[in-house]
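In my numbering, the protein residues as written are 6 to 239. A virtual CB, placed ideally from N, CA and C, is assigned to each residue, including glycine. The structure presented is a predicted model; accordingly, all values stated were derived computationally and were not measured.
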Amino acid sequence: ARFELKKFQKEQLAKQLKERHLSGETSRLFWGKTKRHFHPVSSSFRGFLSPCEEIIKDSQIMANMTADHYERLFEAPVVIRPHPYVDAPPVQWKNAAEPIPMVTYPEIVNILRSKKKEKCLDIHELSPFILDKIPQNYWHLLVQLYNYSFTEGYILKKFKEVRMIFLAKKNAVCSPDQTRSISLLDSFLKVQEKLFHNRFLKILNEHGILPDNQSGFRAGFRLQTRVLLLIEQL
Numbered sequence: 006a007r008f009e010l011k012k013f014q015k016e017q018l019a020k021q022l023k024e025r026h027l028s029g030e031t032s033r034l035f036w037g038k039t040k041r042h043f044h045p046v047s048s049s050f051r052g053f054l055s056p057c058e059e060i061i062k063d064s065q066i067m068a069n070m071t072a073d074h075y076e077r078l079f080e081a082p083v084v085i086r087p088h089p090y091v092d093a094p095p096v097q098w099k100n101a102a103e104p105i106p107m108v109t110y111p112e113i114v115n116i117l118r119s120k121k122k123e124k125c126l127d128i129h130e131l132s133p134f135i136l137d138k139i140p141q142n143y144w145h146l147l148v149q150l151y152n153y154s155f156t157e158g159y160i161l162k163k164f165k166e167v168r169m170i171f172l173a174k175k176n177a178v179c180s181p182d183q184t185r186s187i188s189l190l191d192s193f194l195k196v197q198e199k200l201f202h203n204r205f206l207k208i209l210n211e212h213g214i215l216p217d218n219q220s221g222f223r224a225g226f227r228l229q230t231r232v233l234l235l236i237e238q239l
């Protein structure tokens, strides 16, 4: 009798797990039992702590404190190559003169079709949903812009302007360094990011930087020390 009871309980659990996303009495019963085990990941953000332990709730002052903190965090580092204390010849890359593949109009159209039509607005009040409504003929102008960006290594200043949302990691009142930032990239920059990503993966595959075998569940993706070293040198 005990064996039959355990078998019945396992069958009921498997049935509830299978039907938890379907509308009906079974799904309500499952989520009703599991709801009490869910907790909010982060607390609501209510203010900043100043260096003198004063609570600041003025939105303009909070924005200035956050901007100052992240500007120092993301400032461009000073890198000297070759390093003056390292007696080594400069690295001669075999593919230094290899041009970046040109962006084509069909490639941009395919990227637009594959992207999710999200409605979240960037700092310029644009979204992937709005870009999808733009007549596709206008993207011929962007082809020249993206090709110039890859050829000259230049990104428009407007593309670098992003909207940032901050969440509190632990406490509702904390210092700026205890916040978690979420950046809403420019919608046109998202397209360029996908174009760069495709070319970056092509270089990795053509030069054998990524091995054929992999670890993990995503086919063709593997985190390797050689990739990290390459990114540091870019």
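- With contacts defined by Cβ atoms closer than 8 angstroms, Leu136 and Ser192 form a contacting pair.
- As far as DSSP is concerned, Ala68 takes part in no beta bridge.
- Within its own chain, the residues whose Cβ lies closer than 8 angstroms to the Cβ of Phe134, once the five positions on either side in sequence are excluded, are Lys122, Glu123, Lys124, listed in chain order.
- With a beta-carbon spacing of about 6 angstroms, Leu200 and Tyr151 fall inside the 8 angstroms limit used to define contacts.
- Residue pairing by DSSP puts Ala173 in a beta bridge opposite Thr184.
- The secondary-structure analysis by DSSP pairs Val178 across a beta bridge with Gly52.
- Between Gln197 and the set Val84, Phe13, Thr109, the nearest pair of CA atoms involves Thr109.
- Here the alpha carbons of Lys11 and Ala19 stand approximately 12 angstroms from one another.
- Secondary structure at Ile61: strand, using DSSP grouped into helix, strand and coil.
- Assignment of Leu189 by DSSP, reduced to helix, strand and coil, places it in the strand class.
- When only Cα atoms are considered, Ile60 and Ile66 end up about 11 angstroms apart.
- In the three-state reduction of the DSSP assignment, Arg118 falls in the helix class.
- Between Val114 and Gln141 a beta carbon distance of about 6 angstroms is seen, short of the 8 angstroms cut, so the two are scored as contacting.
- Under a 10 Å Cβ-count criterion, Asp127 is classified as buried, with 16 or more other Cβ atoms of the shown protein chains found around its own Cβ.
- Relative to Asp182, the option among Arg77, Asp63, Ala6 whose CA is nearest is Arg77.
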